[in-house]
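Visitor: Let me give you the structure first, and then I'll get to my questions.
Chains as they are written, first to last, in my numbering: chain A, 1363 to 1642; chain B, 1363 to 1642.
Written out as structure tokens, the structure reads:
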């Protein structure tokens, strides 16, 4: 029987644990605080930041919202500089993508590494590659956490990652090269994608194409992680043909309800870690 | 017939080209300058730094040797700080490994990204992973350059990298994830190494074991890059059984005389690039 990797239930369990840790930290007089920086007026970004703030509130983390409706790159960098220097702020997250004209690289580079709880700055990603301690991007942590909660050890497995973004595929591959695991990386448009997918014990799909991975592309007994979010109207579809693939896989994430619900929990966990460190 | 990828001849050709570029730059009044920082008294490190200085001299790059016989971490960081601020210094290379007690990570982190011609700081490696412009480690550049000089396009190939160091395997994999190529990464001790090796169109071996890769582990027609340096007395052996594998491969690097001779040339090329940029 296939195991459905339930991200919603897992996120609830994680959030419960975070709430207890926040409580303990507050007992020491520290209120874990995450600065959420939103630039411009994109509807989706606004909604996502609001959701992050709400979830912070649920576990007792203070979300400090900085909404720069109209700002220059310089003003944005100045804000990040102030947040870097503010000891009451433990983590900084800048909602991407930034509006046109902004330099995303320079922006994430400006975040102090010990507050880079989104894990997306070059210095943080470089440490991840080197196997040095750092915050891992939420998309990476969500996948590893989900597997572990279902007793699936990420080590001693052959992984394949189809689709290589800077926020999931590439840093996940980098993490795996520092573990007792092997990993094959291919881009979303690779003509041999099906072949690589079929070799994998753990298959991560992030190709932004509805149902791109079908049952015959999956090794029997494999674990399949679907990172897809393909909208058709209000309905969202994964990159994996769930109905077909669940007959072949040993475990699979649904979409929605797989990796997605864990993303904010992982961000909050990083912010809490940053606060815990600062309180030692 | 197998093609022997001759690193010595390739390095000579590259050095010729670098000499011409240095000449041109000097015509504009800029002397490209590479600071070589050596700490302590390790015989091998001293010899290697001297060799780097000599090769710089051969193409007209000024090698500025800083030998800290006995120094503290603070003194080392202060030196790097001065070199960062010195406009006549275009590149900085700190010879690793550092003596016991030194913090290598903090040391490479201190090098300004625009002078990090060794490409080993977290910020540089993170940019490499993200596909942003940066200096690539010499070990990575050497492999790509050697293939290109023999007309072997690194793209549209299936790569395997056996053995994942911070200076070759991991950054090479990161580079490939930003190219039209696929790559399988496994550690040197992976029990499935033979299987992964056999799948590869381009196989990079860096496992620190004499002749660990034999003919039956290589796909017929594959390109094989041997990064091994296993000394027995004064004789050096690769990680690949050259005599056996050359009967199967379409191209192969010898050891010695493969990737090795290109390493210093690639470092110098990075330093020259840094100088060229600073002169614009």
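C-beta atoms are modelled at their ideal positions from N, C-alpha and C, and glycine is treated no differently.
Please list, in chain order, the chain A residues whose beta carbon lies closer than 9 Å to that of residue 1667 of chain B.
Guide: The structure shown does not extend to residue 1667 of chain B, since chain B is modelled only from 1363 through 1642, so no value can be given for it.
Visitor: Provide the residue(s) that pair with residue 1424 of chain B in DSSP beta bridges, ordered along the chain.
Guide: Working through the second chain from its first residue, we reach residue 1424 of chain B at position 62. Answer is B:1395, bridged to residue 1424 of chain B.
Visitor: Closer than 8 Å, CB to CB, is residue 1546 of chain A near chain B or not?
Guide: Taking the first residue of the first chain as position 1, residue 1546 of chain A is located at position 184. By this cut-off, residue 1546 of chain A is an interface position.
Visitor: Can you tell me whether residue 1647 of chain B is helix, strand or coil according to DSSP?
Guide: Given that chain B is displayed from residue 1363 to residue 1642, the structure contains no residue 1647 of chain B and the question cannot be resolved.
Visitor: Looking at the ligand COA, does it come within less than 7 Å of residue 1584 of chain B, judged from the CB to the closest heavy atom?
Guide: Looking at this structure, you won't find the ligand COA or any other ligand, since it has none at all.
Visitor: Cutting at 6 Å between CB atoms, please list the residues of its own chain near residue 1613 of chain A, excluding the five before and the five after it.
Guide: Position 251 of the first chain holds residue 1613 of chain A. Excluding sequence neighbours, residue 1613 of chain A sits near 1365, 1367 and 1585.
Visitor: Can you tell me whether DSSP reads residue 1496 of chain A as helix, strand or coil?
Guide: Stepping through the first chain from its first residue, residue 1496 of chain A is reached at position 134. DSSP places residue 1496 of chain A in coil when its eight states are reduced to three.
Visitor: Can a CB atom of chain B be found closer than 8 Å to the CB of residue 1603 of chain A?
Guide: On the first chain, residue 1603 of chain A is found 241 positions in, with the first residue counted as 1. So, not an interface residue.
Visitor: Restricting to runs no shorter than 3 residues, where is the beta strand (DSSP E) found entirely within the stretch 1459-1541 of chain A?
Guide: For the stretch 1459-1541 of chain A, whole beta strand (DSSP E) runs of length 3 or above, ordered along the chain, are 1520-1524.
Visitor: What does DSSP give as the partner residue(s) for residue 1429 of chain A in the beta ladder?
Guide: Here residue 1429 of chain A refers to the residue found at position 67 of the first chain. Beta-bridge pairing links residue 1429 of chain A to A:1400.
Visitor: Between which two residues does the beta strand (DSSP E) containing residue 1546 of chain A stretch?
Guide: Your numbering for residue 1546 of chain A matches position 184 in the first chain. It spans 1544-1548 - the beta strand (DSSP E) in which residue 1546 of chain A sits, taken as one unbroken run.
Visitor: Measure from the C-beta of residue 1459 of chain A to each C-beta in chain B and report whether the shortest distance is under 8 Å.
Guide: Here residue 1459 of chain A is taken as the residue at index 97 of the first chain, counted from 1. Not closer than 8 Å to any Cβ of chain B, the Cβ of residue 1459 of chain A fails to qualify, so no.
Visitor: Indicate whether at least one CB of chain A lies closer than 8 Å to the CB of residue 1632 of chain B.
Guide: Translated into the one-based positions of the second chain, residue 1632 of chain B becomes position 270. No, no contact with chain A.
Visitor: Hey, how far is the Cα of residue 1409 of chain A from the Cα of residue 1398 of chain A?
Guide: The residue given as residue 1409 of chain A occupies position 47 in the first chain. The residue given as residue 1398 of chain A occupies position 36 in the first chain. Taking the straight line from one Cα to the other gives about 12 Å.
Visitor: For residue 1597 of chain B, write down the residues that DSSP places opposite it in a beta bridge.
Guide: Residue mapping note: residue 1597 of chain B aligns to position 235 of the second chain, counting from 1. Note: residue 1597 of chain B sits in a beta bridge opposite B:1594.
Visitor: Within 10 angstroms of the Cβ of residue 1382 of chain A, are there 16 or more other Cβ atoms? Answer buried if so, exposed if not.
Guide: Along the first chain, one-based indexing puts residue 1382 of chain A at 20. Exposed, by the Cβ-count rule.
Visitor: Which whole-angstrom value is the C-beta distance of residue 1627 of chain B and residue 1373 of chain B, which I expect to be below 8 Å?
Guide: Here residue 1627 of chain B refers to the residue found at position 265 when the second chain is read from its first residue. Here residue 1373 of chain B refers to the residue found at position 11 when the second chain is read from its first residue. With 8 Å as the limit, residue 1627 of chain B and residue 1373 of chain B qualify as a contact, their Cβ atoms being about 5 Å apart.
Visitor: Are residue 1546 of chain A and residue 1561 of chain A closer than 8 Å when you measure CB to CB?
Guide: Taking the first chain and counting its residues from 1, one reaches residue 1546 of chain A at position 184. Taking the first chain and counting its residues from 1, one reaches residue 1561 of chain A at position 199. A contact, by the Cβ cut-off of 8 Å.
Visitor: So, does the CB of residue 1646 of chain A fall closer than 8 Å to a CB anywhere in chain B?
Guide: Residue coverage of chain A in this structure runs from 1363 to 1642, which leaves residue 1646 of chain A outside it and unanswerable.
Visitor: Find the residues of chain A that neighbour residue 1552 of chain B, judging by a C-beta separation of less than 7 Å, and give them in chain order.
Guide: Against the second chain, residue 1552 of chain B aligns to sequence position 190. Residues of chain A passing the Cβ test: 1544.
Visitor: My guess is that residue 1501 of chain A and residue 1634 of chain A are in contact by the Cβ rule of under 8 Å, so how many angstroms apart are they, rounded?
Guide: Walking along the first chain from the start, residue 1501 of chain A turns up at place 139. Walking along the first chain from the start, residue 1634 of chain A turns up at place 272. Contact flag wrong, Cβ pair sits at about 18 Å.
Visitor: Any residues in the stretch 1568-1598 of chain B with a beta carbon nearer than 9 Å to a beta carbon of chain A? Which ones, in chain order?
Guide: Taking 9 Å as the Cβ-Cβ cut-off against chain A, none of the residues of the stretch 1568-1598 of chain B qualify.
Visitor: Does the contact criterion of 3 or more C-beta pairs under 8 Å hold for the stretch 1488-1497 of chain B versus the stretch 1485-1493 of chain A?
Guide: Yes, the stretch 1488-1497 of chain B is in contact with the stretch 1485-1493 of chain A.
Visitor: When the Cα of residue 1459 of chain A is compared with those of A:1565, A:1620 and A:1405, which residue comes out closest?
Guide: The sequence position of residue 1459 of chain A within the first chain is 97, counting from 1. Answer by Cα proximity: A:1405.
Visitor: Report the CB separation of residue 1559 of chain B from residue 1524 of chain B in whole angstroms; it is logged as a contact under 8 Å.
Guide: Sequence index remark: in the second chain, residue 1559 of chain B carries index 197 (1-based). Sequence index remark: in the second chain, residue 1524 of chain B carries index 162 (1-based). Here residue 1559 of chain B really is in contact with residue 1524 of chain B; their C-beta atoms are around 6 Å apart, less than 8 Å.
Visitor: Enumerate in chain order the residues of its own chain whose CB-to-CB distance from residue 1582 of chain B is below 6 Å, with the five nearest sequence positions on each side excluded.
Guide: Within the second chain, numbered from 1, the residue matching residue 1582 of chain B stands at position 220. Counting only Cβ-Cβ distances below 6 Å, and skipping sequence neighbours, we find 1610.
Visitor: How far does the beta strand (DSSP E) with residue 1456 of chain B in it extend, from its first residue to its last?
Guide: As a working mapping, residue 1456 of chain B is identified with position 94 in the second chain. Looking at the DSSP string, the run of the beta strand (DSSP E) that includes residue 1456 of chain B is 1453-1456.
Visitor: Name, going along the chain, the residues of the stretch 1466-1485 of chain A whose beta-carbon falls closer than 8 Å to a beta-carbon of chain B.
Guide: 1467, 1471, 1483, 1484 and 1485
Visitor: To the nearest angstrom, how far is the alpha carbon of residue 1375 of chain A from that of residue 1507 of chain A?
Guide: Numbered from 1 along the first chain, position 13 holds the residue referred to as residue 1375 of chain A. Numbered from 1 along the first chain, position 145 holds the residue referred to as residue 1507 of chain A. Looking at the two C-alpha atoms, the distance is approximately 11 Å.
Visitor: Let me see if you follow: with CB-CB separation under 8 Å, is residue 1528 of chain B close to chain A or not?
Guide: Taking the first residue of the second chain as position 1, residue 1528 of chain B is located at position 166. By this cut-off, residue 1528 of chain B is an interface position.
Visitor: Since residue 1552 of chain B contacts residue 1544 of chain A with CB under 8 Å, what's their CB separation in whole angstroms?
Guide: To locate residue 1552 of chain B, count along the second chain from 1; it is residue 190. To locate residue 1544 of chain A, count along the first chain from 1; it is residue 182. That belief holds up - the Cβ atoms of residue 1552 of chain B and residue 1544 of chain A are roughly 6 Å apart, short of 8 Å.
Visitor: May I ask you to report which of helix, strand or coil DSSP gives residue 1584 of chain B?
Guide: On the second chain, position 222 is the one that residue 1584 of chain B refers to. Three-state DSSP puts residue 1584 of chain B in coil, outside helix and strand.
Visitor: Would you say residue 1451 of chain B and residue 1395 of chain B are within 8 Å of each other, going by their C-beta atoms?
Guide: Looking up residue 1451 of chain B in the second chain gives position 89. Looking up residue 1395 of chain B in the second chain gives position 33. It is a contact, given that the beta carbons lie within the stated cut-off.
Visitor: Please decide whether residue 1606 of chain A counts as near chain E, where near means a Cβ-Cβ distance under 8 Å.
Guide: Protein chains A and B are contained in the structure displayed, whereas chain E is not.
Visitor: List the DSSP bridge partners of residue 1625 of chain B.
Guide: Here residue 1625 of chain B refers to the residue found at position 263 when the second chain is read from its first residue. DSSP output for residue 1625 of chain B lists no bridge partner at all.
Visitor: Who are the Cβ neighbours of residue 1623 of chain B in its own chain at under 8 Å, not counting the five residues just before and after it?
Guide: Here residue 1623 of chain B corresponds to residue number 261 of the second chain, with the count starting at 1. 1369, 1370, 1372 and 1373, listed in sequence order.
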